[in-house]
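So the sequence shown is numbered by UniProt numbering: it starts at 1 and just counts up by one.
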Amino acid sequence: MAFVRCSSIRCLRRPYGLVHTRAALQTLAAVQHVSDKSDGLNPASTNNDATKEPPGPAPPSFVPRTSFPALDNLPRSYFLGHHKAGLQKMKTLLSTIDLVIECRDYRVPLTSRNPLFEKSLEGKERIIVYTKRDLGGPIAKKGEVLESEEIIRKWHAPLPVMFTSAIARGKGMAMGKKSVKELLDVVKGHAEQRWKLVGHRLMVVGMPNVGKSTLLNALRGVGVGKGKVAKTGMQPGVTRKVGSGVKIVASEDDDTEISTEQDGDDGEAEGQKKGVRRGGDAKYKGVGGGVYMLDTPGVFIPYVPDAEAMLKLALCGSVKDTIIPPVLLADYLLYHINLRFPSPRSSPYSLYCAPTNDIVVLLEAIAKKTGRLGKGGKADTEATALWMVQKWRTGHLGRFLLDAISEDALEKSVQGEEGMVPSFNQARRAETERRRERGRMRGLKS
């Protein structure tokens with residue numbers, strides 16, 4: 001997607017180029033050649049306060065933005081100390097690992113690929129698991145193969161590629177039992193072909209918050225019928241150290257047989273309390289010395305040269321919500337929603353207002369409907385923006401991919417990465433310089 005640099009003085013003076021005021025948003029719209037008329041708004045409507053009614057139905061002439069402004073001051077790094085320590089620990093353990101499971105977020109199949117793993121795990125047998133499959137669009141019916149899944153499998157051939165689904169569970173997400181069982185069958189088959197008395201050792205790796213710990217809990221629940229062992233959360237950074245091996249398939253000496261009777265994808269794989277000794281049509285019998293999986297902390301890219309890639313990762317939750325301003329994230333989400341659902345009838349936010357390119361209009365409408373108001377009845381745009389982003393992350397505000405998928409997309413992405421991933425020290429220096437620049441700009445503003 002093309003980026004357009006915003007020339008607004010107000011926008012350039014702000015850290016990250018964040019737009020908080022409607023006046024600046026109007027300037028941004030002018031740069032993008034999107035008129036107020038095409039948005040279904042008139043000039044007077046941009047001065048409405050939060051107490052007025054949301055705009056009526058949008059006319060057929062609504063035109064979504066075709067580009068998002070370039071934000072040169074956006075943070076480009078989230079590579080923390082425990083990321084570096086975790087990666088070094090993984091390297092030291094690699095000789096003891098029989099199989100690596102690399103998790104990537106299906107909504108960003110290209111952007112959630114970490115080049116550091118390509119170098120660190122080179123030569124080790126690996127399975128690529130795309131998590132949160134159902135949050136990226138329609139699921140294939142039985143016997144069907146979606147084009148997007150087929151293309152992704154071709155990207156990685158001959159490596160095996162699996163897809164797992166997400167299920168809302170309280171304030172978090174669990175994994176569908178059916179997709180977890182399919183992965184467990186592959187893992188168990190791998191262990192049977194390489195029988196080891198001391199047990200088969202797996203390691204799960206990936207970017208922050210792609211679902212590694214959730215996958216471990218799900219495999220343990222289906223494989224040995226035990227409850228949650230790894231802490232999970234909606235924010236990255238819950239797992240900060242490489243864990244010890246967790247049993248996901250019993251050994252041959254274990255006489256407990258775990259029922260694998262399926263509930264379908266609506267069934268939940270996480271949180272089972274104990275195995276069933278005899279029951280169900282199929283049972284997981286032990287293999288060798290058992291199969292154990294090591295959980296690892298998510299590892300971010302030392303430096304992200306592309307600002308849009310940083311926005312995608314932040315929108316999917318790989319970056320803490322305090323790093324990228326929530327209003328900016330919500331605006332980027334609105335940009336994607338409008339491209340995919342330009343019609344008033346299909347718009348995921350039609351309950352709140354008509355299609356609009358103005359994030360403030362949408363946030364004020366949502367705040368009024370959901371009661372997210374501050375002093376004086378004014379909309380709390382920051383809290384509302386976080387709410388909007390979280391709704392999308394859990395599949396309640398549209399389900400779609402942020403990356404464009406094509407047969408040569410991965411090859412182009414890899415070519416673009418050549419020479420662009422700096423060393424740890426280079427990344428640290430670059431981020432320090434950016435922080436100094438932001439501080440200098442704040443000083444000039446005050």
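We put the CB at the ideal spot given by N, CA and C, even for glycine.
Check: Roughly how many whole angstroms lie between the Cα atoms of Leu25 and Ala307?; Outcome: Caution applies to Leu25, whose pLDDT of 42 falls short of 50 and renders its modelled position unreliable; the value that the coordinates give is listed next. Going from the Cα of Leu25 to the Cα of Ala307 covers about 19 Å.
Check: So, for Phe216: in the same chain, excluding its five sequence neighbours on each side, which residues have a beta-carbon less than 8 Å away from its beta-carbon?; Outcome: According to the sequence shown, residue 216 is Leu rather than Phe. The residues are Val204, Val229, Ala230, Val246, Ile248, Met293 and Asp295.
Check: Could you say which of Ser213, Thr356, Glu122 and Lys378 lies nearest to Lys91 if we only look at CA atoms?; Outcome: Glu122
Check: Which one or two residues does DSSP pair with Cys103 in a beta bridge?; Outcome: Val129 and Gly206
Check: Thinking C-alpha only, which one of Pro160, Gly225, Gly136 and Ala309 is nearest Ala70?; Outcome: Ala309
Check: What residue from Asp98, Asp358 and Thr214 has the CA that sits closest to Thr131's CA?; Outcome: Thr214
Check: Enumerated in chain order, which unbroken segments of the alpha helix (DSSP H) with a length of 4 residues or greater are wholly contained in the region 303 to 343?; Outcome: 307 to 315 and 326 to 340
Check: With contact counted as at least three CB pairs below 8 Å, one residue from each stretch, are the region 64 to 78 and the region 181 to 196 in contact?; Outcome: no
Check: Have a look at Pro208, Tyr352 and Pro326 and flag the residue whose alpha-carbon is nearest the alpha-carbon of Asn114.; Outcome: Pro208
Check: With DSSP run on the structure shown, which of helix, strand or coil describes Ala70?; Outcome: strand
Check: Checking 8 Å against the spacing of the C-beta atoms, do Ser148 and Phe163 come in under that value?; Outcome: no
Check: Can you tell which of Thr356, Ala191, Val389 and Gly290 has the C-alpha that lies nearest to the C-alpha of Thr322?; Outcome: Val389
Check: Whose C-alpha, out of Gly398, Ala367 and Ser413, is nearest the C-alpha of Ala404?; Outcome: Ser413
Check: Please return the same chain residues whose Cβ sits closer than 6 Å to the Cβ of Pro326, not counting the five positions on each side in sequence.; Outcome: Glu382, Ala385 and Leu386
Check: When the Cα atoms are used, what is the spatial distance from Asp358 to Ile324?; Outcome: 19 Å
Check: Give the C-beta separation of Asn338 and Pro158 to the nearest angstrom, bearing in mind that I take them to be a contact with Cβ-Cβ under 8 Å.; Outcome: Going by Cβ atoms, the distance from Asn338 to Pro158 rounds to 39 Å, so no, they are not a contact pair.
Check: Quick one: is Val145 buried, meaning 16 or more other Cβ sit within 10 Å of its Cβ, or exposed?; Outcome: exposed
Check: Using the three-state DSSP reduction, which class does Arg372 fall into: helix, strand or coil?; Outcome: coil
Check: Secondary structure at Val187, three-state DSSP: helix, strand or coil?; Outcome: helix
Check: Using DSSP's beta-bridge definition, name the partner residues of Ala379.; Outcome: Leu373
Check: In whole angstroms, what is the alpha-carbon distance linking Ala379 and Ala330?; Outcome: 15 Å
Check: Is the distance from the Cβ of Gly288 to the Cβ of Trp392 below 8 Å?; Outcome: no
Check: Please go through the same chain and pick out, in chain order, the residues whose beta-carbon is closer than 7 Å to the beta-carbon of Leu334, but skip the five residues on each side of it.; Outcome: Ile359 and Leu362
Check: Have a look at Phe62 and Phe341 and give me their C-alpha separation to the nearest angstrom.; Outcome: 11 Å
Check: Identify, in the order they occur along the chain, each residue of the same chain with its Cβ nearer than 8 Å to the Cβ of Lys154, setting aside the five sequence neighbours on each side.; Outcome: Glu407
Check: Comparing C-alpha positions only, which one of Gly371, Ser95, Leu110 and Leu93 sits nearest to Leu313?; Outcome: Leu110
Check: Check the DSSP bridge columns for Tyr292 and list the partner residues they point to.; Outcome: Arg201 and Lys247
Check: On a Cα-Cα basis, can you pick out the residue from Val291, Gln193 and Arg126 that is closest to Val161?; Outcome: Arg126
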